[in-house]
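Undergrad: Input: one structure, supplied below.
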């Protein structure tokens, strides 16, 4: 057992290494003076990012992959370039220490970081593995007193995942580069997540809406009524002549009634019968006729059915449920949630936030139960503590659920937290306390009302109600819902107290039309839920996966919905047709199972990797042997075969790049994904000629690309419009519609060098906002290409120019730029007007405020109004305290309040921008150079770089001094 804190302080110096500086700072405060706590700042060693980082002794495929597939998949690890200085610092600290504590996170990744630290630092002192799931004084001291050894199984499991992901990414991504577009990436989980989003959009494209009608009645008991016994209530038509009225759930995605056969008239009135005699599909005429026939009907209560209602508390948070609830209730993205949670954990407010477990320790249960009694009373406390079974397969049950840290939970008010950290802590605190409270109980009631219409038809209406007699845990917490129209658990619907046979009067009966809706797009919360339910990937990685598919352009956001780009359609199409198993949901989930078996020691990594990479017969095949054409023969065309990954990526003959990137729109029009973006094309009538093409906006949701919209795009002017010849150069001038808007340019002669030192670039200029391709003239083009225009000079002879930049027109004098009010001023402003502008003090953003482009509402965090403004770097959202630039996929016209709040939440989670210290460092170096040279000149005879040597001497002197001081301390300590 490790010595206690007091023994450590007397017995020597101990180095504790954690991942982050913030975590190091908090832990340092809990340990005695005999401890030095330092951060590794994440991973210090990993697979190389490119061949340049691979040591020279490795050649061939090893240099490309960073893994030696021919020798049991040995990984090549290199110290990250940006971590070399930190590794050096850790080695220096270790040299002065008597014991090393590796205190990285208690999960697979944390265990791997600890192992890499041990491998790189090569300690000659005892090494302890220090683990904890919360950063409190008691937890840290307990961890120091009870260390363990490194868990090599966890390290092996993490290493296998890392190798697998490297092979998948480095082998499949180049296929995407060759067949779709450069710069794309594929990943074991990211590609499957992208496929889910694409499949949902395909469902939306194929969806056909169905219209259906029903009736809504407002019924009166004839009593005055009050809150507990209302006098009126609403009910919906449920059946006509014993046949159930069709609702949205009765239709297929193609707009047909499920199990529909044929339509038939209904005797005695309108309506259609489909799917047998039990379903009645009302259209508008039928519904209005029935409503009129029921106008004077006397209604009676036919039945009252009451059932007990009981709802148990929700389990404490694990990683995915926290992400889902933070999305629903706080508007946080998964990434923002984890950033805020990381800060709460590192500063000692919550337990470890990457966990699959819903278990609470005995200490936590006691703390939660104490707060239930204190805040809500003994009536809300169950007789026995509640426990929750894990729902996640292969959960790392050593972890606890996410909860407030410590043996006494601080209320949100006691923490002193603010902003997003306060809100997330409050969410976690409420959920944890509620998990130890009593059930909510009440009654659910269904009332059926009937009457006969004037045309003889029998109509039955139905109303449902719910009353909660004891709120239990709902006093503390109610879970949100992904569907904005869904009713939350604590919502009551009170019905009047009626009995069978009671008469009711219909105050109003209205005909209501409805249309079935396409399946909702995934949000971050619902995609996380889907991945977890399918057991794909690890919950702790979902935030990173979502960030990747957004950053890669596979998915963009429209409000909170995740919309796949056309690019992702091409990528998924290729993967489905030629790498089918790699994006198969069950196969990916099975891989996760296999990796967990390796973690438990039930399977070995190398044979498993061999089967994945070389195929089912890998045991009998020499490493590196690939049979050409075997993948296609084994079914490479449909992606379902037993070949290995290497075989798949070697035989690419079956992949038609044009085919996998082409999608029919209708009427012969095709949507194609080219190397420069998506476009629609109508085939040419002449064989061999390129068809008529038009670019498609990058941010267009695929389900909105209809034939009509494609025709509209094709009808717009496109291609090159020759405007004439420049009289000075004789070069043709053309107008084009580029990806970033319309522009004019000159056409250079064919023999003009386009690359190298002598390369010549054509003059190019964007059209003004007031111009269009249809109306721009040669004179306009020449005028635009004449920019920048020299306006004149100031009194000191400094030239002033008028220029058109990315953020609008401006004046430039040396390094001083001033904005102009309009593009026309570029050609009209005089030198006197320019000097007058420069005579005014520079506003630096304090000019008269522009009116907001859009108002979004009140931010739930700052409780201040949120607006969209037009800034120098484009539109942004602000609440007056925090600014967040709109992303590429956001649009001023369509941005929703929720999206605005989410952008602000993400910006707050990142914290204030760190100021770079480069300039300060440069100044210090410069300041030291002069005396350094003088000193060196006097003391050193032979010198080439005086400043460098002086710096080296100073560093050496500092090290010597440090070592002497440390040695002195050690001697003193031993003497004591």
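Residue numbers (the working numbering): 223 to 1198. Glycine is no exception: its CB is placed at the ideal position from the N, C-alpha and C atoms.
Enumerate, from N- to C-terminal direction, the unbroken beta strand (DSSP E) stretches of 3 or more residues contained entirely within the region 925-990.
TA: Counting whole runs of 3 or more residues, the region 925-990 contains the beta strand (DSSP E) stretches 943-947, 954-960, 963-968 and 986-988.
Undergrad: Could you tell me whether the region 514-527 touches the region 655-675, using the rule of 3 or more Cβ pairs below 8 Å?
TA: Contact holds: three or more Cβ-Cβ distances are below 8 Å.
Undergrad: Roughly how many whole angstroms lie between the Cα atoms of residue 667 and residue 439?
TA: Here residue 667 refers to the residue found at position 445 when the chain shown is read from its first residue. Here residue 439 refers to the residue found at position 217 when the chain shown is read from its first residue. Going from the Cα of residue 667 to the Cα of residue 439 covers about 18 Å.
Undergrad: Threshold first: 3 residues or longer. Then list the beta strand (DSSP E) segments lying entirely within the region 1101-1137, N to C.
TA: For the region 1101-1137, whole beta strand (DSSP E) runs of length 3 or above, ordered along the chain, are 1105-1107.
Undergrad: Residues bridged to residue 815 by DSSP?
TA: Translated into positions along the chain shown, residue 815 becomes position 593. Answer is none; residue 815 lacks a bridge partner.
Undergrad: For residue 915, which residues does DSSP report across the bridge?
TA: The residue you call residue 915 lines up with position 693 of the chain shown. Looking at the DSSP assignment, residue 915 forms a beta bridge with 903.
Undergrad: What span of residues does the beta strand (DSSP E) with residue 414 cover, start to end?
TA: The residue labelled residue 414 in the question sits at position 192 within the chain shown. That residue, residue 414, is in no beta strand (DSSP E); its alpha helix (DSSP H) goes 412-428.
Undergrad: Under 8 Å: do the region 318-337 and the region 284-304 share three or more Cβ pairs, one atom per stretch?
TA: As far as the Cβ criterion goes, the region 318-337 does not touch the region 284-304, which means the pair count is below three.
Undergrad: Measuring straight from C-alpha to C-alpha, what distance separates residue 1170 and residue 310?
TA: Reading the chain shown from its first residue, position 948 is the one you call residue 1170. Reading the chain shown from its first residue, position 88 is the one you call residue 310. Per-residue confidence for residue 1170 stands at a pLDDT of 42, beneath the threshold of 50, marking its modelled position as unreliable; the derived number appears in the next sentence. In a straight line, the C-alpha of residue 1170 is about 20 Å away from that of residue 310.
Undergrad: Report the rounded CA-to-CA distance for residue 414 versus residue 924, giving the unit in angstroms.
TA: Position 192 of the chain shown, counted from the start, is the residue given in the question as residue 414. Position 702 of the chain shown, counted from the start, is the residue given in the question as residue 924. Rounded to whole angstroms, residue 414 to residue 924 spans 19 Å at the Cα level.
Undergrad: What do you get for residue 548, buried or exposed, if any count of 16 or more other CB atoms within 10 angstroms of its CB means buried?
TA: Numbered from its first residue, the chain shown carries residue 548 at position 326. Flag for residue 548 reads buried.
Undergrad: Considering only residues of the same chain and omitting the five flanking positions on each side of residue 727, which have a CB-CB separation below 6 Å?
TA: As a position in the chain shown, residue 727 is number 505, starting the count at 1. Closer than 6 Å at Cβ, skipping near neighbours: 442.
Undergrad: Just list the residues that DSSP pairs residue 322 with in beta bridges.
TA: As a first step, residue 322 is located in the chain shown; it is residue number 100 there, counting from the start. Beta-bridge pairing links residue 322 to 237 and 349.
Undergrad: Going by DSSP, what residue range makes up the alpha helix (DSSP H) through residue 767?
TA: As a first step, residue 767 must be located in the chain shown, where it is residue number 545. It spans 764-773 - the alpha helix (DSSP H) in which residue 767 sits, taken as one unbroken run.
Undergrad: Going by alpha carbons, who is nearest to residue 1115 out of 1100, 1105, 1131 and 1078?
TA: Here residue 1115 refers to the residue found at position 893 when the chain shown is read from its first residue. Ranking the options by Cα distance to residue 1115, first place goes to 1078.
Undergrad: Along the beta strand (DSSP E) that carries residue 1077, what are the first and last residues, could you check?
TA: Start at 1 with the first residue of the chain shown, and residue 1077 comes out as number 855. Segment 1076-1080, the beta strand (DSSP E) holding residue 1077.
Undergrad: Going by beta-carbon coordinates alone, are residue 696 and residue 594 separated by less than 7 Å?
TA: Indexing the chain shown from 1 puts residue 696 at position 474. Indexing the chain shown from 1 puts residue 594 at position 372. Against a cut-off of 7 Å, the Cβ pair of residue 594 and residue 696 comes out as no contact.
Undergrad: Measuring CB to CB, does residue 892 end up less than 7 Å from residue 884?
TA: Reading the chain shown from its first residue, position 670 is the one you call residue 892. Reading the chain shown from its first residue, position 662 is the one you call residue 884. Going by C-beta atoms, residue 892 is nearer than 7 Å to residue 884.
Undergrad: Considering only DSSP beta bridges, list what residue 784 is partnered with.
TA: Start at 1 with the first residue of the chain shown, and residue 784 comes out as number 562. Beta-bridge pairing links residue 784 to 779.
Undergrad: Do the region 765-785 and the region 397-414 touch if we need at least three Cβ pairs shorter than 8 Å?
TA: These segments touch.
Undergrad: If you draw a straight line from the alpha carbon of residue 489 to that of residue 463, how long is it in whole angstroms?
TA: Here residue 489 refers to the residue found at position 267 of the chain shown. Here residue 463 refers to the residue found at position 241 of the chain shown. For residue 489, the pLDDT reaches just 39, beneath the cut-off of 50, and the residue's location in the model is therefore unreliable, leaving the point undetermined.
Undergrad: Could you check if residue 626 is buried or exposed, using at least 16 other CB atoms within 10 Å of its CB as the buried criterion?
TA: Taking the chain shown and counting its residues from 1, the one referred to as residue 626 is at position 404. By the neighbour-count rule (16 or more Cβ atoms within 10 Å), residue 626 is buried.
Undergrad: At which residues does the alpha helix (DSSP H) containing residue 650 begin and terminate?
TA: Locating residue 650 in the chain shown gives position 428, counting from the first residue. Element bounds for residue 650: 641-656.
Undergrad: What is the DSSP secondary structure of residue 1049, reduced to helix, strand or coil?
TA: On the chain shown, residue 1049 is found 827 positions in, with the first residue counted as 1. Correct three-state label for residue 1049: helix.
Undergrad: Do the region 751-765 and the region 537-544 touch if we need at least three Cβ pairs shorter than 8 Å?
TA: They touch, by the three-pair rule.
Undergrad: Does the Cβ of residue 1003 have 16 or more other Cβ atoms within 10 Å, making it buried, or fewer, making it exposed?
TA: To locate residue 1003, count along the chain shown from 1; it is residue 781. Classification of residue 1003: buried, given that the 10 Å Cβ count is 16 or more.
Undergrad: Give me whichever residues DSSP pairs with residue 573 in a beta bridge.
TA: Against the chain shown, residue 573 aligns to sequence position 351. Answer by DSSP bridge pairing: none, since residue 573 is not bridged.
Undergrad: Take residue 981 and list the residues in its own chain whose beta-carbon comes closer than 7 Å to its own, dropping the five residues that flank it on each side.
TA: Mapped onto the chain shown, residue 981 falls at position 759. For residue 981, where only same-chain residues beyond five positions count, the Cβ hits under 7 Å are 975.
Undergrad: Please determine if the region 634-641 and the region 506-513 are in contact, where contact requires at least 3 C-beta pairs separated by less than 8 Å.
TA: No contact exists between the region 634-641 and the region 506-513.
Undergrad: With a cut-off of 8 Å, do at least 3 Cβ pairs link the region 1084-1101 to the region 754-763?
TA: Contact between the region 1084-1101 and the region 754-763 is absent, because fewer than three Cβ pairs lie under 8 Å.
Undergrad: Residue range of the beta strand (DSSP E) that residue 1025 falls in?
TA: As a position in the chain shown, residue 1025 is number 803, starting the count at 1. 1021-1027 is the span of the beta strand (DSSP E), which, as asked, contains residue 1025.
Undergrad: Quick check on residue 391: does DSSP put it in helix, strand or coil?
TA: Walking along the chain shown from the start, residue 391 turns up at place 169. Note: residue 391 maps to helix in three-state DSSP.
Undergrad: By DSSP, does residue 437 sit in helix, in strand, or in coil?
TA: Taking the chain shown and counting its residues from 1, the one referred to as residue 437 is at position 215. Strand.
Undergrad: So the alpha helix (DSSP H) residue 598 belongs to, where does it begin and stop?
TA: Taking the chain shown and counting its residues from 1, the one referred to as residue 598 is at position 376. That run of the alpha helix (DSSP H) goes 584-598.
Undergrad: Applying the criterion that 16 or more other CB atoms from any shown protein chain within 10 Å of the CB defines a buried residue, is residue 793 buried or exposed?
TA: Residue mapping note: residue 793 aligns to position 571 of the chain shown, counting from 1. Label assigned to residue 793: buried.
Undergrad: When DSSP builds the beta bridges, which residues end up paired with residue 720?
TA: Position 498 of the chain shown holds residue 720. The partner list for residue 720 (beta bridge, DSSP) is empty, contrary to what the question assumes.
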